[in-house]
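The opening position of the sequence shown corresponds to residue 392 in the numbering used here, with each subsequent residue numbered one higher. A quick write-up on the structure given underneath.
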Amino acid sequence: MITAAQMRAARALAGIDQKTLAERAGVSLPTIQRMEASGGVVRGVVDTLMKVIQALDEAGVELISENQTSERGGRGVRLKPVAPPNPQG
């Protein structure tokens, strides 16, 4: 799933604080704090994890799992590409 380090990095890339992430994910601030303070892979209720991942995705951050192809391998985070504006409005 997602590691605590990925979660902190994703939030930093998105430029949001823990409180904002909690609000966007619909979870409590202490939940986000516990998740980010954990070591290794974040454990918790799957529904809560999915809400946090969705909120990060909507903030424009892509999570890279161990199984995904990346240049150097391993887990990570990156900003999602920004779609060009639609010239037809």
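Just so you know, even glycine gets a beta-carbon here, dropped at the ideal spot from N, CA and C.
By how many angstroms is the C-alpha of residue j removed from the C-alpha of residue i?
i, j, result
"residue 432", "residue 479", "44 Å"
"residue 440", "residue 393", "8 Å"
"residue 425", "residue 396", "12 Å"
"residue 417", "residue 442", "7 Å"
Considering residue i, what are the terminal residues of the beta strand (DSSP E) in which it resides?
i, result
"residue 468", "467 to 470"
"residue 455", "452 to 455"
So, is residue i buried or exposed, given that buried needs 16 or more other C-beta atoms within 10 angstroms?
i, result
"residue 445", "exposed"
"residue 406", "exposed"
"residue 402", "buried"
If I follow the unbroken alpha helix (DSSP H) through residue i, where does it start and stop?
i, result
"residue 409", "409 to 416"
"residue 434", "Run containing residue 434: none; DSSP gives neither H nor E here."
"residue 424", "420 to 428"
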